[in-house]
Amino acid sequence: MMESLSFNKEAIVSSPEITRKSWLQRWLLRVIPYAMNNEKSATVTKTKAKTTNRSSKQIRWENFFRNALVWIAVAMVVLMLGVFVTLCIQSIPSFKALGLKYLWGRTWDPVNEVYGAWPFLIGTLLTSFTALIISIPFSFAVAIFLGEYYPNGWLSNFLRNAVELIAAVPSVIYGFWGLFVLVPIVRKLESGIGAPPFGVGIFSASLVLAIMVIPYAASLSRELIRLVPSHLKEGAYALGATRYEVIMKVILPYTKSGLLAGVLLSLGRALGETMAVTMVIGNSSAIPSGKFFLFGPGNTMASVIANEFTEAATTTYLSALIELGLVLFLVTVVINMIGKRIISRFTNE
Amino acid sequence: MRIRSITTLLCSGALLAGMSLTTSCNSGGSGSGSDTTNKSSDDNTLLGAGSTFVYPLFSKMFAEYNTQTQLKVNYQSIGSGGGILQLTNKTVDFGDSDAPLNDEQATKIGVPVLHIPMCSGAVAISYNLPDLKDTLKLTPVVLTQIFAGDIKTWNDKAIAAVNPGVKLPNLPIVVAHRSDGSGTTNIFTTYLMKVDSADWGKIGKGSAVNWPGSTIGGKGTEGVAGTIKQTPGAIGYIELAYAVQNKMAFAKLQNKSGNYITPSVASTTAAGNVTIPADSKVSLSNTEAADGYPISGFTWAIIYKEQNYNGRSLDRATKLVKLLWWNIHDGQKFAEPLTYAPLPANAVTVAEAILKSATYDGKPILQ
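One line per chain: the protein sequences are A and B, in this order. Sequential numbering from 1 applies to the first sequence in the working numbering. Sequential numbering from 1 applies to the second sequence in the working numbering.
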């Protein structure tokens, strides 16, 4: 521990982890104590007071900076609430017309003004979780490889940038790629296993989504794996553990809550993705069913909103689409809360 | 010091919350656009919004009109429904829609509006049957039953009966449709409703309908066309212009007179060769014309009948009416190269009469 500190000359907060943190984390660590006004900030100011005398200008700046941070944080919360309230208000006409039946109604019929969100709710959850299951092995593999095996060097940099570039590509491009490259492949697969050869459908959408969410879990997990204190790993090696054993018994248990957080981040992205999904999912309001339900066409909530918003001519129709947005909002919140519970349970063990 | 800063924080937070709530509530209602862009924007730019279908033609027309008169027209292709909404909110000078205003839209807008036909377009039935040499022929009933999911394979007896001597494959039919709300869907479903209400009645007509069974929805014309091109056995409806430009196969359709008609600019214009009512709000689908292609429809520019609203100047109103007058006369020659059907002579006469009924302070704008 002393060793790692001596390397780290610019650290203000005395913590061994600081050595490997990114600039953002370093900045946050400097800033959070000021904003929270807790004990840590007292120690920081003490150490600072020893070396320099603070002028009133500096104090004013510190106060201004702290206030600005709290303001911005409050603004974010208010913005969230504003979105929520807007969605609620605009959903009222649809709620009045359809009531709670909207949630489990199976028909989406704009002509007869009957709206049910159930097929799209199922479609959203099905595509997102399938995508997650497909993406997890890849994101963890990338994270372990870049975090533990090749943390430095040009190959590592190249791979890391390549993975992060996946997140930078606009989703419409994934949609086009999916439609023209992936869909024909999936169609061949479907004819091979005897499923109806639509090509487009839940499975194609899940595949595209899986690719899109890999970088989110991978980047976060890689950072965390690199932060595992070296004395833990070295201790394990000293006891005769192999690299595989170190990864399985030291690194993964040490980082598991963070890895789950990365997965949750991926899930959030998958739930809300619109453009790429709508291009390959087949946009059918039928509920996926039967032996090959993964290969049938379906639809997600975000995709329906994007598709039908421009031509929603009646008040109820428009309101039903907004209510769909509200349901998506609530689903995301609920899933996030469940995820947080799971993470905290894992951490408390 | 601590207490004061906390109070300021709380106050400012509350203020922020209040502000965001009021704005969110304001943007809620659809009629919030009363402070229109009309007054502020310069008088040499007219604003329009609506149908995506007519957009390529409008851009060509307005560019030409701009070189002739220096008048700029800013047309946003946001969809027919969106165009009507913008006109209702008085944020644009004209809307354009592939369907006349429905009752709810007319009630919302509250005052009389004029529908001026701009051109007509056809919806082609495109299919993907790789081994088929001949052009597929379809009757209205067969077409409806295919899209209703009652005919499930290509070698069905009903299809074979209208295509004698043609070897049809034993392929499942994959129905492709627009997933986004669209005027094209509206024209197509209106047609199906007209020709076979027994099979289509429960589904109905509109810019988005509840498609029966496992159909494939593609986003936009290109999405439907992509599905058809890639999927052997697919059938779908797309705008004729797109089908022609992309060299896609499309079916001959039997019209009301019993003739099998290939969709084209000529047969679409011919479809408009019927008695057009004085308000021009007529559906051309299932036309009476013997050589007319049955799935076609007008697209209408929509303006307020009384042009003095919201502090608009007479100059602006005159410019708008003159622009639309030019569209239905000189502008029509740009339609055919872009595979739109120009208005037939009788439609132009009706459109002239409608434009002349536009008023400013109760006085006609055009003499």
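A virtual CB, placed ideally from N, CA and C, is assigned to each residue, including glycine.
- A direct Cα-to-Cα measurement between serine 313 of chain B and threonine 339 of chain B gives close to 36 Å.
- One alpha carbon belongs to threonine 107 of chain A, the other to alanine 106 of chain B, and they sit about 27 Å apart.
- Of all alpha-carbon atoms in B/Trp325, B/Lys356, B/Gly297 and B/Lys229, the one lying nearest the alpha-carbon of proline 130 of chain B is that of B/Lys229.
- Under the Cβ distance rule, serine 126 of chain B does not count among the residues neighbouring chain A, no pair being separated by less than 8 Å.
- Neighbours of alanine 312 of chain A across chain B, judged by C-beta separation under 7 Å: Gly81 and Gly181.
- Any Cβ of chain B closer than 8 Å to the Cβ of leucine 98 of chain A would place that residue at the interface, and such an atom is absent.
- Non-local C-beta neighbours of threonine 88 of chain B in its own chain, meaning closer than 6 Å and more than five positions away in sequence, comprise Lys108 and Ile109, ordered along the chain.
- In this structure, the beta-carbon distance from glutamate 311 of chain A to alanine 208 of chain B falls below 8 Å.
- With a 10 Å radius around the Cβ and a threshold of 16 neighbouring Cβ atoms, valine 163 of chain A comes out buried.
- Contact annotation: serine 206 of chain A and glutamate 273 of chain A have beta-carbon atoms that are not nearer than 8 Å.
- The C-beta of tyrosine 242 of chain B has 16 or more other C-beta atoms within 10 Å across all chains shown, which makes the residue buried.
- Under the three-state reduction of DSSP output, arginine 178 of chain B falls in the strand class.
- Between glycine 201 of chain A and phenylalanine 295 of chain A the beta-carbon gap is near 5 Å, inside 8 Å, which marks them as a contact.
- Of the candidates A/Ala195, A/Val183 and A/Ile343, A/Val183 places its Cα closest to the Cα of glycine 226 of chain B.
- Straight across, the Cα-Cα distance linking serine 264 of chain B with phenylalanine 120 of chain A is about 39 Å.
- Distance from the Cα of alanine 167 of chain A is smallest, within the candidate group A/Ser156, A/Ile211 and A/Thr130, for A/Ile211.
- Secondary-structure assignment with DSSP links proline 364 of chain B through a beta bridge to B/Thr359.
- DSSP, reduced to helix, strand and coil, places asparagine 155 of chain B outside both helices and strands of the structure shown, so it counts as coil.
- Given a length threshold of 4 residues, each whole run of the alpha helix (DSSP H) inside the region 196–246 of chain A is given here in chain order: 202–226, 230–238 and 243–246.
- For asparagine 283 of chain A, DSSP assigns no beta-bridge partner whatsoever.
- Assignment of glutamate 306 of chain B by DSSP, reduced to helix, strand and coil, places it in the strand class.
- Taking 8 Å as the cut-off, the Cβ atoms of threonine 135 of chain B and lysine 322 of chain B do not count as close.
- When C-beta atoms of the region 263–280 of chain A are compared with those of the region 225–232 of chain A, fewer than three pairs fall below 8 Å, so the two segments do not count as touching.
- For chain B, the residues of the region 292–304 of chain A that bring a beta carbon within less than 7 Å of one of its beta carbons are Gly296 and Pro297, in chain order.
- Our two residues, proline 344 of chain B and proline 337 of chain B, have alpha carbons roughly 16 Å apart in a direct line.
- Remark: fewer than three beta-carbon pairs, one from each stretch, lie closer than 8 Å, so the region 280–297 of chain A and the region 85–94 of chain A are not flagged as touching.
- In terms of beta-carbon proximity, proline 184 of chain A lines the interface with chain B, with at least one pair separated by less than 8 Å.
- Between phenylalanine 188 of chain B and isoleucine 295 of chain B, the gap from beta carbon to beta carbon is short of 8 Å.
- Proximity of chain B to glutamate 308 of chain A at the Cβ level (cut-off 9 Å) is accounted for by Ser179, Asp180, Gly181, Ser207 and Ala208, in chain order.
- For the region 223–252 of chain B, the set of positions with a beta-carbon nearer than 9 Å to some beta-carbon of chain A reads Gly223, Gly226, Thr227, Gln230, Thr231, Pro232 and Gly233 in chain order.
- Scanning B/Ala290, B/Gln307 and B/Ala270 for the CA closest to the CA of leucine 355 of chain B turns up B/Gln307.
- Among the CB atoms of chain A, none fall inside 8 Å of the CB of lysine 157 of chain B.
- Between the alpha carbons of lysine 157 of chain B and valine 142 of chain B lies a distance of about 10 Å.
- Closest in alpha carbon position to methionine 279 of chain A, among B/Ala234, B/Gly217, B/Gln86 and B/Asp291, is B/Gly217.
- According to DSSP, residue pairing for tryptophan 108 of chain A in a beta bridge involves A/Tyr115.
- Beyond the five residues adjoining it in sequence on each side, glycine 83 of chain B comes within less than 7 Å, by CB distance, of Ala49, Gly50, Ser51, Gly95, Asp96 and Ser97 in the same chain, given in chain order.
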